Amino acid sequence: MEYGDETVTDTSTPDSSVAAESTESSAPEETAEETKKSETVTSEGDLFRQSEIAADYVEGLLDILDYDGDIDELVSAGRPMVEVVGGRLQPLVGQRGATLEALQELTRLAIFRATGSPSRLLLDIGGYRASRRKELAAVARNAVEKVKEHGDPVRLEPMSAFERKCVHDVVNAIPGVQSESEGVEPNRRIVVRAAD
């Protein structure tokens with residue numbers, strides 16, 4: 006999943022910078038501050054457009070699979086998001102979120118196909134990500150306690166990119182410890198150790 010993001014990002018980065026340069030050169034009378042404001046507004050609009058495209062795509066998938074769910078599209082923390090809520094959605098999450106991760110990647114590809122730009126869309130189904138985030142926070146705090154108590158590094162089980170980010174966020178907020186990812190997908194894991 007992370008690898009796919011990197012591939013898409015690497016392919017499109019030159020086009021994005023060319024587009025940004027051509028926008029700046031076509032409006033030389035704008036000040037740098039005005040340019041930043043218009044880029045922020047455009048960026049927010051682009052993010053919302055991505056969430057709309059994703060919602061349409063997910064709605065089509067739900068129709069094909071004959072699942073009922075309410076779809077919310079939003080932009081949160083600088084990312085487009087789509088949340089699907091309703092009963093009987095567990096098969097779309099899969100074991101440890103594997104199906105959800107696959108659906109998220111397909112939805113990101115649909116956005117890329119429609120816009121030509123990569124997306125950091127976050128897809129959640131049945132509140133899985135919110136509940137998993139709480140579980141991972143507990144796992145991270147437990148690992149930090151072990152490191153502080155014994156001093157030895159703690160290796161966690163392999164996790165998805167979303168799960169690793171949740172753990173990194175918790176560990177990085179605690180002084181005296183640090184975390185890093187090691188290994189290769191799908192066996193990439195976090196190691197928590199005392200800060201140098």
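Residues 6 to 201, numbered by the working numbering, are exactly what the sequence shown covers, in order.
By construction, the Cβ of each residue, glycine as well, lies at the ideal position given by its N, Cα and C atoms.
Source: prediction; values computed, not measured.
- With fewer than 16 neighbouring CB atoms inside 10 Å of its own CB, Q95 falls in the exposed class.
- Cβ neighbours of A115 within its own chain (closer than 6 Å, five residues either side excluded): Y62.
- L70 counts as exposed, since fewer than 16 other C-beta atoms from the protein chains shown sit within 10 angstroms of its C-beta.
- Inclusion of L126 and C171 in the CB contact set at 8 Å is not warranted, their separation being larger than that value.
- Taken through DSSP and simplified to helix, strand or coil, R134 comes out as helix.
- Judged by beta-carbon spacing, M164 lies within the 8 Å limit of I195, meaning their Cβ atoms are closer than that value.
- When the five nearest sequence neighbours on each side are left out, the beta carbons in the same chain lying within less than 7 Å of the beta carbon of R146 are those of V175, in order along the chain.
- Collapsing the DSSP output to three states places A145 in a helix.
- Per DSSP, reduced to three states, the secondary structure at R160 is strand.
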